[in-house]
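Numbering (this note's numbering), first residue to last: 16 to 902.
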DNA sequence: CAATGCTGC
DNA sequence: TCAGAGCAGCATTGG
């Protein structure tokens, strides 16, 4: 194959990328803009130029031979910004992953290394392309050497050969040094001739081809001043020319052939891209011909070896090889996502290089495997403990001894990480390439089940990665002091949640249908009234059609706009309500419509054959540490308005004579705030169990308890909410509909009343700026890469997050701890009561009549003592025949 | 699939 | 000046 050499001016491209892109950083706060730009450029030039040999040359060391001639060389250059310097190792890693050689040599610049190789290539007639943002390199252009010069951004480039150079500057490549000798280069502190810029220099060079000839004939040029300068600065020009001349005889310790570009390994590159969070580039890997492995035999060879043994009734001896090791990796594959409905398609076990594939039928009636599963001493490393437990138990298999959950580990290490699929984790941790489920099964319409053999390959590949991830994560958890959070909170909780999900909540289906009928009647009535008032029938659910009616047909005033048109949000409609009776009906229509579609129809769809709803608690979604609930979401069942609250009537105990017990923390977030900032007035208020909003109103408005009006209390309440969310005057003014000025006064008065709160808020932001993350009571950690951003918006958001996360996250820690403790205690006491749901600050149980009194006290005690704070925690317990009645 | 809107804490 | 309340899930519209 014909050789093609590519020489990349590393420093030049790096600087270019750094200044061309905003100061991006990834989720752990590492700046990555220059590395990102470099990677973009690299992928582009490799794809387009298809070089066979590549070198990236770097400047290393401070002084070069040029300093001997001119000690101020590059004297004025600012020190490399630290945000850029810290990215240099990233670029080396990147190039390493691409298997691209890098080189720098003390005493020489990258230019000289490139020049030496370019001259050699020219001599050997090897086609060569130089990539740089520096025009100096144009002097190397030759018959076989061209320069790609960055034009705009990082990926737009101009190609210069001799003709292009002549067209653009009217110069031959050799004259670039003359140009530079005349005009100098401020960035390198090369003087040139004072007062001569590019334009004059080009004019001079049009008459004589070299600096030497120009300064020998100053009189040949018009203009007295110019003539003087040519005489006065002749020496500077000669020196400048010398400085600009690239040295092409650097003694290099390698030969041309050693620069041959080897096959680029997809997994290595993907792993680095993933760790740096270069998402668009990751996507590009699959499409890029650079990484194609199908039509290239050599890359085929580089695919990691993967072997497995399928267990059959005949070869169970294979099991003897590994079963006594502990831990083993256990991976369970399913047909669909939801573990409450999924079927197991296969089970894989791994230890070192031994991978076993166990079909479900074999697993189920295979004694040694079953006893291994149940043995608490036989440790299992899994991905998603909760899911594994549910899947196995639904197949009637008992399981114990989960020692490590790779998914939960990845989450506690960085709860903001959204790419938590096993294949993502393998990439992020550089433990080799693992196909994603989408790759294995296809996605969207192309999704299809796998035949037995490819299925076995896929699932054993997954299990094979688990132990490597376990070792990585264990070390990282230790380093970040997160082991307790994982082992003592999140993993035990996963087990508790698995049980809660499997038990499920009983639904009174006839009640649900009954409510559905009344809601439907209301909707139809409202729909008729609204279309009558509007004088035309239209889709009330369409904001577009609705705004046409309200703001064009009826001419109501526009209060707020959205990106696409007029806003018809509830806040806007509430302001418009006095103007036209239709508005109120629309609000009511929306409210009941929501109830019907989301809560009546939506819940109906989720009822399982056992008459229960089995929600799924997601433990790795919310960056604060909260849980979330899906399919269906049982954490947003209506309560505020009576009409919606009735939905709660359908959630009932699973047996007659049982009750629903609901226990909720009272003001847990404000109590946490009082604890964290140790404000004496707030602490006292909680110690005395005062109504906190009334107390705040008393303190802020400086009045006695009896003088607090309901308006004052509700304003104080809004301020308290704002404090928890990371307050802004604007946010508060919007929320309670007062002028911003007034909101600011409230906030100022609040902070004046509780100075420790302000101190705490300030401290937590300063802390976040220093450390790059904030923490919660149980040491949960959330990184805030934007905390030092220059964009006001991004930074403000990070600051509010810094204030909110320790509060919301600590509340999550507390209730999680209570759940784990409570579950243990209920087991210990062999209670029949079941924990069913968690709604952030509330736990729901079903309880047989004979356990009611015991549970009331047990739940309260465990919740109130989940952690010890400097203020008491308070829990309200309520009991009823449905969730609705437990209020 | 994005935008909008609404439900919860 | 600009934008602007913390954390979620789900239904609907309309491209």
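Every residue gets a Cβ at the ideal spot worked out from N, C-alpha and C, and that includes glycine.
What you are looking at is a predicted structure, and each value in this text was computed from that prediction instead of being measured.
Are the beta-carbon atoms of residue i and residue j separated by less than 7 angstroms?
i	j	result
residue 647	residue 608	no
residue 878	residue 862	no
residue 757	residue 780	no
residue 658	residue 826	no
residue 324	residue 335	no
residue 70	residue 274	yes
residue 447	residue 282	yes
residue 442	residue 491	no
residue 519	residue 394	no
residue 712	residue 686	no
residue 261	residue 245	no
residue 363	residue 510	no
residue 368	residue 400	no
residue 27	residue 202	no
residue 179	residue 129	no
residue 581	residue 557	no
residue 258	residue 208	no
residue 133	residue 160	yes
residue 226	residue 252	yes
residue 886	residue 698	yes
residue 423	residue 831	no
residue 852	residue 649	yes
Taking all protein chains shown into account, decide if residue i is buried (16 or more other Cβ within 10 angstroms of its Cβ) or exposed.
i	result
residue 292	buried
residue 745	exposed
residue 888	buried
residue 430	buried
residue 149	buried
residue 80	exposed
residue 576	exposed
residue 316	Note that residue 316 has pLDDT 41, beneath the 50 cutoff, so the model's placement of it is unreliable and no number is given.
residue 313	Any reading at residue 313 must be qualified, since the residue scores a pLDDT of 42, below 50, and its modelled position is unreliable; the value itself is stated next. So residue 313 ends up on the exposed side.
residue 235	exposed
residue 196	buried
residue 120	buried
residue 268	exposed
residue 735	buried
residue 47	buried
residue 708	buried
residue 612	exposed
residue 17	exposed
Could you spell out where the beta strand (DSSP E) holding residue i opens and where it closes?
i	result
residue 673	673-680
residue 192	Segment 191-198 is the alpha helix (DSSP H) holding residue 192; no beta strand (DSSP E) there.
residue 339	Element bounds for residue 339: n/a, residue is neither H nor E.
residue 788	788-790
residue 405	Segment 400-409 is the alpha helix (DSSP H) holding residue 405; no beta strand (DSSP E) there.
residue 633	631-633
residue 114	Counting along the chain, residue 114 falls outside any beta strand (DSSP E), and DSSP gives it neither H nor E.
residue 217	Segment 213-222 is the alpha helix (DSSP H) holding residue 217; no beta strand (DSSP E) there.
residue 713	Not the beta strand (DSSP E): residue 713 falls in the alpha helix (DSSP H), residues 707-716.
Assuming residue i contacts residue j under a Cβ cut-off of 8 angstroms, what Cβ separation, rounded to an integer in Å, is found between them?
i	j	result
residue 639	residue 824	4 angstroms
residue 377	residue 337	Going by Cβ atoms, the distance from residue 377 to residue 337 rounds to 16 angstroms, so no, they are not a contact pair.
residue 481	residue 634	Contact flag wrong, Cβ pair sits at about 18 angstroms.
Where do the N-terminal and C-terminal ends of the alpha helix (DSSP H) with residue i fall, by residue?
i	result
residue 84	80-84
residue 155	Per DSSP, residue 155 belongs to no alpha helix (DSSP H) and is neither H nor E.
residue 135	125-138
residue 360	Run containing residue 360: none in the alpha helix (DSSP H); it sits in the beta strand (DSSP E), 359-366.
residue 382	382-389
residue 838	807-843
residue 34	25-35
residue 95	No alpha helix (DSSP H) holds residue 95; DSSP gives it neither H nor E.
- Item | Segment contact, 8 angstroms Cβ cut-off, at least three pairs: the stretch 514-531 with the stretch 478-486 | At 8 angstroms Cβ cutoff, the stretches do not touch.
- Message: Assess contact between the stretch 593-600 and the stretch 540-560, defined as three or more Cβ pairs (one per stretch) separated by less than 8 angstroms. Is contact present?
- Response: Here the stretch 593-600 makes contact with the stretch 540-560; the two share three or more CB pairs at distances below 8 angstroms.
- Counting pairs of beta carbons, one from the stretch 793-811 and one from the stretch 688-698, are three or more of them closer than 8 angstroms? Because the criterion of three Cβ pairs below 8 angstroms is not met, the stretch 793-811 and the stretch 688-698 do not touch.
- Query: Are three or more beta carbon pairs between the stretch 843-850 and the stretch 866-875 nearer than 8 angstroms?
  - Reply: With three or more CB-CB distances shorter than 8 angstroms, the stretch 843-850 counts as touching the stretch 866-875.
- Examine the Cβ distances between the stretch 58-67 and the stretch 92-109 and report whether three or more of them are shorter than 8 angstroms. Result no; under three Cβ-Cβ pairs closer than 8 angstroms.
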